[in-house]
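Q:
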Amino acid sequence: MKAFELAVAAVLAAGGVRSLVVWSRRAVGEATLRDHLWFAAFVTGRVGLWLSLAGLFAISAASDARGRAFLDELAALRWYALVPLALAAVQVAAGYFLGRGEG
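In my numbering, the protein residues as written are -8 to 94.
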């Protein structure tokens, strides 16, 4: 299973890099400073979500334990589950505020 987890981590990391390249090339246009900051938060949330999911699979692949020992080993990293959730929330909030515009 380690090869599968590493492959998924690599695909997700490549998706994060691709997302960074695609979204950094987009022009915000004639926007205010607020729009630029929200766009930066949106890109950070989007790219970070890809990379944090890749990190989940990489952490899983790094463990040699099996069964209950695997769960016990990963219990120390329970906090990491909040990282993708926080980045997704940043992306959703930034997308909402970007869509609202000045009005």
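Glycine residues also receive a C-beta, built at the ideal position from the N, C-alpha and C atoms.
With DSSP collapsed to three states, give me the class of Val19.
A: The residue labelled residue 19 in the question sits at position 28 within the sequence shown. Three-state DSSP puts Val19 in coil, outside helix and strand.
Q: Just to confirm before moving on: does the CB-CB distance between Gly36 and Ala79 stay below 8 Å?
A: Counting from one through the sequence shown, the residue named residue 36 turns up at place 45. Counting from one through the sequence shown, the residue named residue 79 turns up at place 88. Yes, they are a contact pair.
Q: Alpha carbon to alpha carbon, how far is Gly94 from Leu62?
A: Position 103 of the sequence shown holds residue 94. Position 71 of the sequence shown holds residue 62. With a pLDDT of only 47 at Gly94, under the threshold of 50, the placement of this residue in the model should not be trusted; the figure read from the coordinates follows. Approximately 49 Å, taken between the alpha carbons.
Q: Straight-line CA distance for Phe33 to Trp70?
A: Locating residue 33 in the sequence shown gives position 42, where the first residue counts as 1. Locating residue 70 in the sequence shown gives position 79, where the first residue counts as 1. Each residue's Cα considered, the two are about 22 Å apart.
Q: Among residues of its own chain, excluding the 5 on either side of Ser43, which ones have a beta-carbon nearer than 7 Å to its beta-carbon?
A: Position 52 of the sequence shown holds residue 43. Excluding positions up to five away in sequence, the list reads Val74, Pro75, Leu78.
Q: Check Ala56 in the structure and name its three-state DSSP category.
A: Position 65 of the sequence shown, counted from the start, is the residue given in the question as residue 56. Ala56: coil per DSSP, three-state reduction.
Q: Among Ala4, Ser51, Val13, Ala18, whose alpha-carbon lies nearest the alpha-carbon of Ala72?
A: Your numbering for residue 72 matches position 81 in the sequence shown. For the residues Ala4, Ser51, Val13, Ala18, the minimum Cα distance to Ala72 belongs to Ser51.
Q: If the criterion is Cβ atoms closer than 8 Å, does the pair Val13 and Phe48 meet it?
A: For the purposes of this step, residue 13 is taken as residue 22 along the sequence shown, with counting starting at 1. For the purposes of this step, residue 48 is taken as residue 57 along the sequence shown, with counting starting at 1. No. Outside cutoff.
Q: Cβ of Gly86 within 8 Å of Cβ of Trp41?
A: Taking the first residue of the sequence shown as 1, we reach residue 86 at position 95. Taking the first residue of the sequence shown as 1, we reach residue 41 at position 50. No, these two residues do not count as a Cβ contact at 8 Å.
Q: From Ala56, Ser15, Ala31, pick the residue whose C-alpha is nearest to that of Val81; which is it?
A: Taking the first residue of the sequence shown as position 1, residue 81 is located at position 90. Nearest of Ala56, Ser15, Ala31 to Val81, Cα basis: Ala31.
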